[in-house]
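Q: Numbering (the UniProt record's numbering), first residue to last: 462 to 740.
Ideal Cβ placement from N, Cα and C applies to all residues, glycine included.
Small disclaimer: the values here were computed from a predicted structure and weren't measured.
Take this structure first; my questions come after.
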Ligand code: C2E
Ligand code: CA
Ligand code: CA
Ligand code: CA
């Protein structure tokens, strides 16, 4: 019930109470998706420069929807954040990613792969988040150094409690990556306030780097600043050789993008990695 104007209380909105409301149905399905085994985690390689060896992967969730087919995060993450379903989804992705990281380390002890997992504001807002990561690492046999959490700067900076949790996660040895770097209003503040290990240069700068001087300058400044602070850099959304060359010239430490691979199932990643390691 929501107060509406002076003395009126609107008791219900009829459309919202009907189970055949498509939006409500979608939200219910989303809340149940993890338990219904409909979520799939794909992995996109992150390669170092200039060697182009794959050193890490980013976990990206997909939803095999019963009627609509394979859905991408753009179709449901915003809804999940609004309804709270993101908590269950995030926990599912974290567990799946840790299980896979532990298996990769076992299969290839000499060349382990770190797994990056996206974490949303709501997850970090919860008191139990640090314990859930500790539990996940222990249950799956994953080393802290094989896990990197990715967050956007705005996720954290508003909340001292969230900053405290992030420090605790960093103290475990889990890596901290700042996603979409350069697009927020507080990029420099966030570097100072947070225990950042990796900065991910937003793909909008990479897209313009070759033809737009100001985009190139932004990348150059980020790379130089991170080098001085001892923070690794990964450029996102690399699609072409000219972008890769320029990023190498500018000193970016790593690259990720369709040029190397789209996000792959764990099974397809194994084959891709064999090719990457063979050179
Ligand atoms: P993001 O974290 O910035 O992830 C990178 C996105 O860019 C991915 O989209 C990836 O498939 C896409 N991408 C990679 N290389 C290229 C390229 O060369 N060109 C272009 N144009 N795009 C590229 P995706 O998988 O659709 O994910 C979108 C966003 O959804 C992610 O952006 C992330 O913010 C969010 N997301 C994905 N998985 C999760 C998750 O498990 N939890 C949470 N909280 N958010 C997630
Ligand atoms: Ca990310
Ligand atoms: Ca750290
Ligand atoms: Ca990003």
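Given the structure, does residue 663 come close to ligand 2, in the sense that its CB is under 7 Å from one of the ligand's heavy atoms?
A: Result no, Cβ not under 7 Å from ligand 2.
Q: Going by DSSP, what residue range makes up the beta strand (DSSP E) through residue 530?
A: Element bounds for residue 530: 530-532.
Q: What separation, rounded to the nearest whole angstrom, lies between the Cα atoms of residue 525 and residue 494?
A: Cα-Cα distance, rounded: 9 Å.
Q: Assuming residue 654 contacts residue 624 under a Cβ cut-off of 8 Å, what Cβ separation, rounded to an integer in Å, is found between them?
A: With 8 Å as the limit, residue 654 and residue 624 qualify as a contact, their Cβ atoms being about 6 Å apart.
Q: Spatial neighbours of residue 618 within its chain, please: CB distance less than 7 Å, with the 5 preceding and 5 following residues excluded, ordered by chain position.
A: Result list for residue 618: 647, 650, 651, 654, in chain order.
Q: Evaluate the contact criterion for the region 730-737 versus the region 699-717: three or more CB pairs, one atom per stretch, below 8 Å.
A: With the cut-off at 8 Å, the region 730-737 and the region 699-717 do not touch.
Q: Compare the beta carbon distance of residue 580 and residue 611 with 8 Å and say whether it is the shorter of the two.
A: Yes, the pair counts as a contact, with Cβ atoms nearer than the cut-off.
Q: Is the region 623-643 in contact with the region 587-597, if contact means three or more CB pairs nearer than 8 Å?
A: Flag = yes, the region 623-643 and the region 587-597 touch.
Q: Tell me which residue opens and which closes the alpha helix (DSSP H) that residue 674 is part of.
A: From DSSP, the alpha helix (DSSP H) with residue 674 extends over 674-690.
Q: Are there 16 or more other CB atoms within 10 angstroms of the CB of residue 520, so buried, or fewer, so exposed?
A: Counting Cβ neighbours within 10 Å, residue 520 comes out buried, since at least 16 surround it.
Q: Helix, strand or coil: how does DSSP classify residue 717 here?
A: It is coil, neither helix nor strand.
Q: Give me the Cα-Cα distance between residue 482 and residue 496, rounded to the nearest whole angstrom.
A: Each residue's Cα considered, the two are about 22 Å apart.
Q: What do you reckon, is the C-beta of residue 532 under 7 Å from a heavy atom of ligand 1?
A: No, ligand 1 has no heavy atom inside 7 Å of this Cβ.
Q: Between residue 658 and residue 487, what straight-line distance do the alpha-carbon atoms span, to the nearest angstrom?
A: Approximately 37 Å, taken between the alpha carbons.
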